[in-house]
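**Q** Before I ask anything, here is the structure I am working with.
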Amino acid sequence: MLVYIFPIISALIGWFTNFLAVKMLFRPRKPVNIGFYKVQGIFPKRQKKLAERIGKMVADELLSTEDIKAKLDTPETKQVLLNKVGEKFDDYLSNKLAEKYPIISTFLTDGMKQKIRDEFTAELGAIIPTLISDFVGSLDQVFDVEETIRTKVEELSIEKLEGLIMGILKKEFVFIELVGAVIGFLVGCLMLLLQDQQC
0 MLVYIFPIIS ALIGWFTNFL AVKMLFRPRK PVNIGFYKVQ GIFPKRQKKL AERIGKMVAD
60 ELLSTEDIKA KLDTPETKQV LLNKVGEKFD DYLSNKLAEK YPIISTFLTD GMKQKIRDEF
120 TAELGAIIPT LISDFVGSLD QVFDVEETIR TKVEELSIEK LEGLIMGILK KEFVFIELVG
180 AVIGFLVGCL MLLLQDQQC
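Have a look at this one:
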């Protein structure tokens, strides 16, 4: 009679082995010596290599320096920057100049302030495209996408890395555990059939 629980036992073994395999992707987080072997979770052990691969993939396939340059060096970006700088200058001219240099500010009429604003905006409009083009041209020297991503992933704590991966693949890991249980159950049923045939 006990032989009929083989499928259940096999299902539990199949589930547990897959459950353990999923856990060992992340645990143990630090190397543990077991006899002559050193055991550590796959992701903690290979985090540096994973960081290198992710950095390279992002830089090559997802977000290259050329992509960033293309987004920065557009008329829209230049206009946004021109507006922002213009707003700051306008605030300085209207408020901060009077605080810092009250005597000068008394001689500036609204018409003079407007003329200064117009001239500053015109000058800025000529300078900003050149500044952005120069910055974009030297972007390779000041910003390395691959190195930045690699460093960020490498510096992630194992807990955060585990949380990130589990958040993405939790359903898939549960499915893997269930597949182990189903395969184990089928193997148990097969053993039961073979046992019956021998009898």
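Residue 0 is where the sequence shown starts when you use numbering that gives the first Met the number 0, and the numbers rise one by one after that. For each residue, glycine too, the CB sits at the ideal point set by N, CA and C.
Does Tyr91 come out as helix, strand or coil in the three-state DSSP assignment?
**A** Tyr91: helix per DSSP, three-state reduction.
**Q** Straight-line CA distance for Ile112 to Leu92?
**A** Per the sequence shown, the amino acid found at residue 112 is Lys instead of Ile. The alpha-carbon atoms of Lys112 and Leu92 are separated by roughly 7 Å.
**Q** Contact criterion: CB-CB distance below 9 Å. Does Pro128 meet it with respect to chain B?
**A** Among the chains of the structure shown, chain B does not appear; only one protein chain is present.
**Q** Counting Cβ pairs closer than 8 Å, one from the region 12-21 and one from the region 174-185, do we hit at least three?
**A** Verdict: yes, contact present.
**Q** Contact check, Phe42 vs Leu138 under 8 Å by CB: the rounded distance?
**A** In fact, because the Cβ distance is near 32 Å, the residues do not count as touching under 8 Å.
**Q** If you pair each beta-carbon of the region 77-97 with each one of the region 33-53, do three or more pairs fall below 8 Å?
**A** The region 77-97 is not in contact with the region 33-53.
**Q** Exposed or buried, Ser9, counting other C-beta atoms within 10 Å across all chains shown (16 or more means buried)?
**A** When all chains shown are included, Ser9 counts as buried.
**Q** Pick helix, strand or coil for Lys29, following the three-state DSSP scheme.
**A** Lys29: coil per DSSP, three-state reduction.
**Q** Can you tell me the Cα-Cα spacing of Ala58 and Val135, whole angstroms?
**A** If I take the Cα positions, the gap works out to 17 Å.
**Q** Rounded to a whole number of angstroms, what is the C-alpha to C-alpha distance between Arg116 and Leu107?
**A** Roughly 12 Å between the two C-alpha positions.
**Q** Using only the alpha-carbon positions, how far apart do Thr120 and Gly85 sit?
**A** Thr120 and Gly85: Cα-Cα distance of roughly 7 Å.
**Q** Quick one: what's got a C-beta closer than 8 Å to Gln46's C-beta in the same chain, skipping five residues either side?
**A** The residues are Val152, Glu153, Leu155, Ile157 and Leu160.
**Q** For Val21, tell me which candidate among Glu171, Gly187, Lys55 and Thr73 has the shortest Cα-Cα distance.
**A** The residue with the shortest Cα to Cα distance from Val21 is Glu171.
**Q** Locate the beta strand (DSSP E) running through Val38, then write down its first and last residues.
**A** Where Val38 is concerned, the enclosing beta strand (DSSP E) stretches over Tyr36 to Val38.
**Q** Mind checking Ile148: buried by the 16 CB within 10 Å criterion, or exposed?
**A** Per the 10 Å Cβ criterion, buried.
**Q** Just the C-alpha distance for Leu61 and Gly110, rounded to the nearest angstrom, thanks.
**A** If I take the Cα positions, the gap works out to 51 Å.
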